[in-house]
Amino acid sequence: MFEKVLIANRGEVALRIHRACREMGIRTVAVHSEADANAMHVRLADEAVCIGPAKSADSYLNKPAIITAAHITGADAIHPGFGFLSENADFAEMVEKHGIAFIGPTSAQMRLMGDKITARKAAIEAGLPVTPGSPALDTIEDAIDWAEKIGYPVIIKAKDGGGGKGMKIAFNKDELNQAYTMARAEAKAAFTSDVVYMEKYLQNPRHIEMQILADKYGNVVHLGERDCSIQRNNQKVIEECPSPALNDAERKKIGEIVRKAVEKIGYTSAGTLEFLYENGEFYFMEMNTRLQVEHPITEAITGIDLVREQIRIASGAALGYTQDDITFNGHAIECRINAEDPSNFAPCPGKIVEWHAPGGLGVRVDSEIYSGYTIPPYYDSMIAKLIIHGKTRNSALMRLRRALEECIIMGVKTTIPLHQEIISQAEYIDGQYNIHWLENFMEKNK
Ligand code: MV4
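Quick note: the sequence shown uses our numbering, first residue 47, plus one each step.
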């Protein structure tokens, strides 16, 4: 087992990783930018190394600085968290080459599943359901041929795209030319490659993702699904598990398909397979080869500490349990609380004058903020995650409503009112929503 883990991240996930290490008797190294010198995980870690100025490019994305910090502190493993370098295969490779363990998949697995076209190919070969789609489209003629084969509407995506950038939809042949040309132009401007491909466009899907854990001996388990459809601008706002749209038979079926596919791919560590779900059918979209922001809701219903399991797997331990040992209890919902103006989502950094966290049975708050803490303007605006667990979805919703009322943050505007608004809507309460629901709701209530 590792003696010392360097946490190559900041904010609530850095504290989350520190906590898992602490409970495992592993010492921690916090790396931080000059702007994060007063962060809680920096204070709690056994050692702290300043790796650069506030700008992420010069600190949290500074590969040599992070690896040097690992060497001078004698860390034998690095946990990348999520975001930043967590899915950067070059970084994972550099870490491996420096004889330090990377807590995550191998760089080769990251490359295979991180590229949308190779991931789609690997998914098909591993038996995962995908949307009808095309290979790379070199010319508009290719696009026209493939659109005829697939059937309109179609969506054109950039190979290196992500988070909805560079996607264009065509409902008929007249719209295809512009969609293809715009997608390529945007891809060329925004990404390294301007390669684009096409899929059948699903008009009102849900976004359901499956959590898996795989060790280095071929053991794979799935930890159920998370419904992440409540989102805006490709930013998740509320996530829940289990999904209100799935019954136990569907959960079991897709779970087994995913488990077998991950075995075939030979993936190791924690991973998440993202699907679009429409009319009872799953369509593989992409795989996230990292721990995800919303992992705590899966922890709430399975009782499994995902960061602990990532560390155990990276250290060469076997899972020690099989799918039959995994049980799902109750219902969990996560609200991402951002320091943003809820009327326009403008980031709202600044000093937190007063912070009172909610508590009680089934209430978890993952956050690094404290009274007197100043939220820096350099990083993303998420400042806390409220994770609620209850026996049923309704009891979880009642508890969430109570916990949001108890959550006091003075000094900065937050998205708490938005969460209170969403969970009071009948369609949300009935679980009847898809990926467009929140944007439509906000449009109607502007
Ligand atoms: C799609 C789709 C509909 N049909 N692919 C958005 C970013 C990336 N994850 C892929 N995305 C989508 N791909 C097909 N064939 C709709 C989306 C999409 C979306 C997916 C999940 C969560 C939120 C979304 C918001 C807009 C579009």
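All residues carry an ideal CB built from backbone N, CA and C; glycine is no exception.
The Cβ atoms of Ile254 and Asn223 do not sit closer than 8 Å to each other. When DSSP states are grouped into helix, strand and coil, Val200 belongs to the strand group. Here Lys397 is exposed. Its C-beta has fewer than 16 other C-beta atoms within 10 Å. In the structure shown, the three-state DSSP call for Asp136 is helix. Remark: the shortest separation between the CB of Ile468 and any heavy atom of the ligand MV4 does not fall under 7 Å. The beta carbon of Met213 lies closer than 8 Å to those of Ile201, Ile202, Lys203, Ala204, Gly207 and Ala229 in the same chain, with the five residues before and after it left out.
When rounded, the separation of the alpha-carbon atoms in Glu380 and Ser413 is 13 Å.
Glu332 has its CB nearer than 7 Å to a heavy atom of the ligand MV4. Under DSSP, the beta-bridge partners assigned to Lys397 are Thr420.
DSSP places Gly317 inside the beta strand (DSSP E), whose first and last residues are Ser315 to Glu324. Among the bridge pairs identified by DSSP, Lys234 is matched with none. Remark: C-beta atoms of Ala111 and Ile97 approach each other more closely than 8 Å. Contact between Ala233 and Ala216 fails: their C-beta atoms lie close to 16 Å from each other, not under 8 Å.
In this structure the region 422–439 touches the region 370–384; the number of beta carbon pairs closer than 8 Å is three or more. Rounded to the nearest angstrom, the Cβ distance from Val339 to Ile63 is 13 Å, too far for a contact under 8 Å. Its Cα nearest to that of His402, the residue Ile455 stands out among Ala54, Pro422, Ala378 and Ile455.
For Glu485, same chain residues with a beta-carbon under 6 Å away, outside a window of 5 residues either side, are Arg278 in chain order.
Residue range Trp483 to Lys490 is occupied by the alpha helix (DSSP H) that includes Phe487. Note on the region 419–453: whole beta strand (DSSP E) runs with a minimum of 3 residues are 428–436, in chain order.
DSSP places Lys167 in the uninterrupted alpha helix (DSSP H) bounded by Lys162 to Glu171. The Cβ-Cβ distance between Lys246 and Ile196 falls below 8 Å. Residue side-chain check: Met213 places its Cβ nearer than 7 Å to a non-hydrogen atom of the ligand MV4. No Cβ-Cβ contact shorter than 8 Å links Thr344 with Arg439. Within the same chain, and ignoring the five residues on either side of Val241 in sequence, the residues whose Cβ sits closer than 6 Å to its Cβ are Ala182 and Lys205. By the criterion of a C-beta distance shorter than 7 Å, Arg447 is surrounded in its chain by Ile469, once the five residues flanking it on both sides are discounted.
Contact check for Ala91 against Thr119 fails: the beta carbons are separated by 8 Å or more. The three-state reading of DSSP puts Ile118 in helix, counting H, G and I together. Pairing Leu52 with Ile124 gives a Cβ-Cβ distance under 8 Å.
Considered as a whole, the region 335–390 harbours 341–348 and 352–360 as its complete alpha helix (DSSP H) runs of no fewer than 4 residues, in chain order. Across the set Pro422, Val304 and Lys310, the C-alpha of Val304 shows the shortest separation from the C-alpha of Thr318. Burial is judged here by how many other beta carbons sit within 10 angstroms of a residue's own beta carbon; Ala225 has at least 16 and is buried. Taken atom to atom, the span from the alpha-carbon of Asn280 to that of Gly210 is near 6 Å. Fewer than three Cβ pairs drawn from the region 282–302 and the region 131–142 lie within less than 8 Å of each other, which leaves the two stretches out of contact. By the 16-neighbour rule on beta-carbons within 10 angstroms, Arg252 is buried. The Cβ atoms of His87 and Ala76 sit closer than 8 Å to each other.
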